[in-house]
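In order, the protein sequences belong to chains V and D. Residue numbers for the first sequence, in the working numbering: 1 to 193. Residue numbers for the second sequence, in the working numbering: 194 to 386. By construction, the Cβ of each residue, glycine as well, lies at the ideal position given by its N, Cα and C atoms. From a predicted model like this one, the values you see are computed outputs, not experimental measurements. Here's the structure, in structure tokens; my notes come after.
There are 2 protein chains.
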Amino acid sequence: VSPRSGRRAGDSGTREAILASARDAFARHGYDGATIRGIAGAADVDPALVYHFFNSKEQLFTAALNLPIDPRRIADAVLQGGPREQVGERMMRTFLSVWREPDSRAPLLALLRSATTNEQAAAAFRQFITSGLLARIAEPLNVSRLRLEAVVAQMLGTMLLRYVVGIEPLASATDDEVVAMVAPLIQRALDDF
Amino acid sequence: VSPRSGRRAGDSGTREAILASARDAFARHGYDGATIRGIAGAADVDPALVYHFFNSKEQLFTAALNLPIDPRRIADAVLQGGPREQVGERMMRTFLSVWREPDSRAPLLALLRSATTNEQAAAAFRQFITSGLLARIAEPLNVSRLRLEAVVAQMLGTMLLRYVVGIEPLASATDDEVVAMVAPLIQRALDDF
Numbered sequence: 001v002s003p004r005s006g007r008r009a010g011d012s013g014t015r016e017a018i019l020a021s022a023r024d025a026f027a028r029h030g031y032d033g034a035t036i037r038g039i040a041g042a043a044d045v046d047p048a049l050v051y052h053f054f055n056s057k058e059q060l061f062t063a064a065l066n067l068p069i070d071p072r073r074i075a076d077a078v079l080q081g082g083p084r085e086q087v088g089e090r091m092m093r094t095f096l097s098v099w100r101e102p103d104s105r106a107p108l109l110a111l112l113r114s115a116t117t118n119e120q121a122a123a124a125f126r127q128f129i130t131s132g133l134l135a136r137i138a139e140p141l142n143v144s145r146l147r148l149e150a151v152v153a154q155m156l157g158t159m160l161l162r163y164v165v166g167i168e169p170l171a172s173a174t175d176d177e178v179v180a181m182v183a184p185l186i187q188r189a190l191d192d193f
Numbered sequence: 194v195s196p197r198s199g200r201r202a203g204d205s206g207t208r209e210a211i212l213a214s215a216r217d218a219f220a221r222h223g224y225d226g227a228t229i230r231g232i233a234g235a236a237d238v239d240p241a242l243v244y245h246f247f248n249s250k251e252q253l254f255t256a257a258l259n260l261p262i263d264p265r266r267i268a269d270a271v272l273q274g275g276p277r278e279q280v281g282e283r284m285m286r287t288f289l290s291v292w293r294e295p296d297s298r299a300p301l302l303a304l305l306r307s308a309t310t311n312e313q314a315a316a317a318f319r320q321f322i323t324s325g326l327l328a329r330i331a332e333p334l335n336v337s338r339l340r341l342e343a344v345v346a347q348m349l350g351t352m353l354l355r356y357v358v359g360i361e362p363l364a365s366a367t368d369d370e371v372v373a374m375v376a377p378l379i380q381r382a383l384d385d386f
């Protein structure tokens, strides 16, 4: 057994090596520019092992940045969870479910904090949102990218004022009250194409 | 001349002492709880001197947190700049004018970063928005507080995606294009009371 393969003994060591390599690659090259092959090479493992542990580039990114949810799941919930005329409500409820719990909110806030000071963090974040979420839902919803970004802005801003700044009455409102206020605004924005 | 009064020699020393005392008081007691009398006392100056330098508690807060704009000016621009049916556009243009320049964006981002980790910073921030801006415009606009907060959320989220995360096409759109997309969403939200 060589020292190098000894370092990889056990699943958790290999997994951590892949995650470290992935964080580095996403920071250097962004989400689209980073490749499984390159990440595997830098971690000194076979690309098949990366897929074995993480299934897809998105899930690897989600794990590397410690994100609470794979954006593909958000996209699926938005597109497949019910009729088009309730997509605004589904979007809001999905966002609320992710932001409500401090444990799943923390890594999102950490990423946002990094993005305010670090262009590489911002690049990875935006490419992930763009490639992972917006590219999936813009066409099925028949909405322009700019309009969809205005909708994401509404949801992100609402989460920040509710959970970070803590402005009242938004901070103490129930999820249903927040949905009743914001979902119709989003729905109208999406319908007005 | 005592050592203490010697330390206050010159306007800039006095001004800095008041600002340091104000930062401490706003962090400890929040915007509403902090008093000019208490801030003056901690800085060992007469309250009249605080007014001499800063005119009002709001301007003192603005200076202490290094904010790029007094929210009273935002409120005035929103309320007095033109007809009610263009208030959405005025809000967006006012926000864009503050966020566009890196020098005036930086302190806002610093405050938001602090608010994500520090409850006292969040408390000062939210009381300022609430007392300084929302309390002034909610009644004249005849809009509920929750609805107004949803509108502020739309604007804040748009600024973050445009200037921090840098999502395209929002990041490269002209101000006019952003206003054309977002102002009608805000205006409809405000009109639907």
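Reduced DSSP category for residue i - H, G, I as helix; E, B as strand; rest coil
i, result
"Gly-359 of chain D", "coil"
"Ser-249 of chain D", "coil"
"Ile-69 of chain V", "coil"
"Ala-171 of chain V", "coil"
"Val-271 of chain D", "helix"
"Pro-140 of chain V", "helix"
"Ala-20 of chain V", "helix"
"Glu-149 of chain V", "helix"
"Pro-276 of chain D", "coil"
"Arg-208 of chain D", "helix"
"Ala-227 of chain D", "coil"
"Arg-100 of chain V", "helix"
Residue i burial status per 10 Å Cβ neighbour count (16 or more: buried)
i, result
"Gln-134 of chain D", "Nothing in the structure corresponds to residue 134 of chain D, since chain D is present only between 194 and 386."
"Thr-310 of chain D", "exposed"
"Ser-21 of chain V", "buried"
"Glu-251 of chain D", "buried"
"Pro-83 of chain V", "exposed"
"Pro-102 of chain V", "exposed"
"Ala-299 of chain D", "exposed"
"Pro-71 of chain V", "buried"
"Pro-333 of chain D", "exposed"
"Thr-255 of chain D", "buried"
"Thr-94 of chain V", "buried"
"Ala-241 of chain D", "exposed"
"Gly-350 of chain D", "buried"
"Thr-152 of chain D", "For residue 152 of chain D there is no data in the structure shown, the boundaries of chain D being 194 and 386."
"Pro-196 of chain D", "Reliability fails at Pro-196 of chain D, whose pLDDT of 42 lies under 50, so the model's placement of it is uncertain and the value that follows must be treated cautiously. Classification of Pro-196 of chain D: exposed, given that the 10 Å Cβ count is below 16."
Among the options, the one whose alpha carbon lies nearest that of residue i
i, options, result
"Asp-384 of chain D", "D:Gly-281, D:Leu-305 and D:Asn-248", "D:Gly-281"
"Arg-381 of chain D", "D:Val-344, D:Ala-233 and D:Leu-260", "D:Val-344"
"Gln-120 of chain V", "V:Val-179, V:Asp-76 and V:Leu-65", "V:Leu-65"
"Glu-361 of chain D", "V:Tyr-51, V:Leu-109 and V:Ser-131", "V:Ser-131"
"Pro-184 of chain V", "V:Tyr-163, V:Gln-86, V:Trp-99 and V:Gly-157", "V:Gln-86"
"Ala-17 of chain V", "V:Ile-36, V:Leu-161, V:Ala-43 and V:Arg-23", "V:Ala-43"
Any non-hydrogen atom of the ligand ZN closer than 7 Å to residue i Cβ
i, result
"Ala-227 of chain D", "The ligand ZN is absent from the structure shown, which contains no ligand whatsoever."
Check your understanding: Do three or more CB pairs link the stretch 115-135 of chain V to the stretch 327-338 of chain D at distances below 8 Å?
Key -> no
Exercise for review: Check whether the stretch 140-148 of chain V touches the stretch 362-372 of chain D, counting contact only when three or more Cβ pairs, one atom from each stretch, lie closer than 8 Å.
Suggested key: yes
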